[in-house]
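For reference, the structure discussed in these notes is given below.
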Amino acid sequence: MHYKQYKYGIRWNALEAINTQGLLAINQFMLFRVLPLEFYGLTGLIFSLIYVALPLINLGFDASLPTFIKKYTADKQSFATLLMPQLYAQAMTILIATFVYSFTLITINTVWFSSTQYLQLSSAFFVLLAGIIITESIKKTLRALTHAYFLNKQTTLIELGAVILYTVLVWGNYFMYGTLNLWTIFIPLFIESCFGSLALMILIKRTYNMLQAQAKQQEHVSITRIWKNRLSVYVNQLSMIFFSRNFLILFLSRQFGLEAIGILKLISELAIFVLVFIEKLFGTTSGALLAHLKFESLAKKRIAFTLIAQQLVSVLSAILIFLTFNGNMIFCLYCGPISNYYVALVFFFTIIFENIFLIYERFALIEEKIFIIILINLLSAGICFPLIVLLQSSLPLSIIIIILTRIVAFIILSFIYYRYWKLPQRIKILTPFVLVVLLISLALSYVWR
4 MHYKQYKYGI RWNALEAINT QGLLAINQFM LFRVLPLEFY GLTGLIFSLI
54 YVALPLINLG FDASLPTFIK KYTADKQSFA TLLMPQLYAQ AMTILIATFV
104 YSFTLITINT VWFSSTQYLQ LSSAFFVLLA GIIITESIKK TLRALTHAYF
154 LNKQTTLIEL GAVILYTVLV WGNYFMYGTL NLWTIFIPLF IESCFGSLAL
204 MILIKRTYNM LQAQAKQQEH VSITRIWKNR LSVYVNQLSM IFFSRNFLIL
254 FLSRQFGLEA IGILKLISEL AIFVLVFIEK LFGTTSGALL AHLKFESLAK
304 KRIAFTLIAQ QLVSVLSAIL IFLTFNGNMI FCLYCGPISN YYVALVFFFT
354 IIFENIFLIY ERFALIEEKI FIIILINLLS AGICFPLIVL LQSSLPLSII
404 IIILTRIVAF IILSFIYYRY WKLPQRIKIL TPFVLVVLLI SLALSYVWR
């Protein structure tokens, strides 16, 4: 039953990723073409401020949710006593943290935007920014809950409808009045976020109504255990920030200047499409599958882990093959001519490579052994970044050091998992799928010559 739900979730998450992220990518491309370059950079910075805030103020709730989802949704009583107090606490945390975050941004507003020719952001705009962060945080939490419960079809339709609404509001205004500003870009985002949050609330309410009043037998789960799990998850999220694309851009820009890493920032925007696609397929859905097997035997968990790993390796292999033959053309179409294509390609795969840690993280969460991932991440960061600074590395060498550090970290992590859990078992790459990708890649590379 769980594998059927997993495959069902994979299909709908793939559909959501392709359609919603495709629309968002088109929206960003159009903004890039319509807006002055500096103003487009300002909007990009504001988007980053919004979405960097979400994991910081979430306190690990979303990522820890699948661990106890079977207990939360066993019956109405469990939902009310275990999950609802966390949701109320989460709402208060979001409100308080958002206003602290926004007040901090207002305080440093003069310094942050002093280099731009545009007016500094007004306090009123930061109120809008706070509203967006609140509604986006609520939506993110509700979406994590629906994914953990395998409500992928309904969630996909809601997400797609919300993105279409945002796109229509932004570009409808542009075609009517011929101009865009911060208000006409971010007010639609607030409306879209409110719509998505409300629709997900209705979906969860309907799901709650279908739960039985009280299950006959339920293993007790203490609130202390739940909060300890959340704390460890939150620390893990903080440790993973070091190898996120946003932190890498900040670190490399500090080392080499914005001009030197400008093309890498554009490449990172292209990589995020692939990142979200893989996260939708193997992050939320694999986490849900493993969560539903939390109290099953290790043998069943091995089968599930190996299945997910096999599919993830096949997808990553397909991406590698496609970009090997067509990466230069893809990057040139998106970014224009690239002087150092191989540096851009290695940086792209540096970002994409983080996806391979996804299923290991999800398994560690379910087994409540997340400290393994935290230690690996902290050791990687503690070696990698000081080494780059001490060696005064060039930009290409710095990127190579980063990806080599993560490859070594992955090898160590794989050894630990195999030593203690015999994971993964023998992985078979989906040969027909990879061959089809190879043929398509060769055909496209021939057409583009």
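Numbering (the working numbering), first residue to last: 4 to 452. We put the beta carbon where it would ideally sit given N, CA and C, even for glycine.
Taking only three categories from DSSP, how would you classify residue i?
{"i": "residue 78", "result": "coil"}
{"i": "residue 93", "result": "helix"}
{"i": "residue 343", "result": "coil"}
{"i": "residue 63", "result": "coil"}
{"i": "residue 363", "result": "helix"}
{"i": "residue 300", "result": "coil"}
{"i": "residue 36", "result": "helix"}
{"i": "residue 243", "result": "helix"}
{"i": "residue 139", "result": "helix"}
{"i": "residue 184", "result": "coil"}
{"i": "residue 54", "result": "helix"}
{"i": "residue 429", "result": "coil"}
{"i": "residue 213", "result": "coil"}
{"i": "residue 444", "result": "helix"}
{"i": "residue 195", "result": "helix"}
{"i": "residue 313", "result": "helix"}
{"i": "residue 119", "result": "Note that residue 119 scores a pLDDT of 46, beneath 50, so its modelled location is shaky; the value from the coordinates is reported in the next line. Note: residue 119 maps to coil in three-state DSSP."}
{"i": "residue 395", "result": "coil"}
{"i": "residue 205", "result": "helix"}
{"i": "residue 225", "result": "coil"}
{"i": "residue 156", "result": "helix"}
{"i": "residue 415", "result": "helix"}
{"i": "residue 162", "result": "helix"}
{"i": "residue 372", "result": "coil"}
{"i": "residue 125", "result": "coil"}
{"i": "residue 261", "result": "Here the model assigns residue 261 a pLDDT of 47, short of 50, so the residue's position is not dependable, and the following value carries that caveat. DSSP places residue 261 in helix when its eight states are reduced to three."}
By Cβ distance, which residues of its chain are closer than 8 Å to residue i, with the 5 residues on each side in sequence left out?
{"i": "residue 118", "result": "Bear in mind that the predicted position of residue 118 carries a pLDDT of just 48, short of 50, making it too unreliable to give a figure here."}
{"i": "residue 371", "result": "70, 232, 235"}
{"i": "residue 2", "result": "As shown, the chain starts at 4 and ends at 452. That puts residue 2 outside it, with no answer to give."}
{"i": "residue 154", "result": "206, 210"}
{"i": "residue 161", "result": "199, 202, 203, 206"}
{"i": "residue 305", "result": "424, 425, 426, 427, 428"}
{"i": "residue 35", "result": "43"}
{"i": "residue 173", "result": "30, 183, 187, 188, 191"}
Excluding the five sequence neighbours on either side, which residues of its own chain have a C-beta within less than 6 Å of the C-beta of residue i, listed in chain order?
{"i": "residue 318", "result": "none"}
{"i": "residue 364", "result": "376"}
{"i": "residue 345", "result": "none"}
{"i": "residue 166", "result": "23, 26"}
{"i": "residue 412", "result": "379, 383"}
{"i": "residue 391", "result": "401, 404"}
{"i": "residue 349", "result": "402"}
{"i": "residue 176", "result": "187"}
{"i": "residue 261", "result": "Since pLDDT at residue 261 reaches only 47, below the 50 mark, its modelled position is unreliable, and no value is offered."}
Closer than 7 Å by C-beta to residue i: which residues in its own chain qualify, once you throw out the five before and the five after it? Chain order, please.
{"i": "residue 2", "result": "Residue coverage of the chain in this structure runs from 4 to 452, which leaves residue 2 outside it and unanswerable."}
{"i": "residue 135", "result": "53, 189, 192, 193, 196"}
{"i": "residue 4", "result": "Low local confidence applies: a pLDDT of 48 at residue 4 is under 50, so the model's placement there is unreliable, and no value is given."}
{"i": "residue 387", "result": "404, 405, 408"}
{"i": "residue 51", "result": "249"}
{"i": "residue 237", "result": "62, 63"}
{"i": "residue 243", "result": "380"}
Tell me, to the nearest whole angstrom, how far the beta carbon of residue i is from that of residue j; I am working on the premise that it is less than 8 Å.
{"i": "residue 323", "j": "residue 333", "result": "At roughly 13 Å, the Cβ-Cβ gap does not stay under 8 Å, so residue 323 and residue 333 are not in contact."}
{"i": "residue 147", "j": "residue 65", "result": "4 Å"}
{"i": "residue 240", "j": "residue 63", "result": "6 Å"}
{"i": "residue 101", "j": "residue 137", "result": "5 Å"}
{"i": "residue 351", "j": "residue 406", "result": "Not confirmed; about 10 Å, so no contact."}
{"i": "residue 3", "j": "residue 426", "result": "The displayed coordinates of the chain run from 4 to 452. Any statement about residue 3 would go beyond what the structure contains."}
{"i": "residue 38", "j": "residue 183", "result": "6 Å"}
{"i": "residue 104", "j": "residue 151", "result": "That belief does not hold up - the Cβ atoms of residue 104 and residue 151 are roughly 26 Å apart, past 8 Å."}
{"i": "residue 436", "j": "residue 312", "result": "That pair is no contact at about 15 Å."}
{"i": "residue 185", "j": "residue 259", "result": "With 8 Å as the limit, residue 185 and residue 259 do not qualify as a contact, their Cβ atoms being about 29 Å apart."}
{"i": "residue 432", "j": "residue 316", "result": "6 Å"}
{"i": "residue 60", "j": "residue 96", "result": "7 Å"}
{"i": "residue 170", "j": "residue 158", "result": "No, residue 170 and residue 158 are not in contact; Cβ-Cβ is about 19 Å, not under 8 Å."}
Shorter than 7 Å from the beta carbon of residue i to some beta carbon of chain D?
{"i": "residue 311", "result": "Among the protein chains of the structure shown there is no chain D, as only one such chain exists."}
Inset, instruction - Could you say if the stretch 245-253 and the stretch 350-370 meet the contact criterion of at least three C-beta pairs nearer than 8 Å? - result: yes
Legend entry - Given 8 Å, three or more beta-carbon pairs between the stretch 410-419 and the stretch 393-400: no
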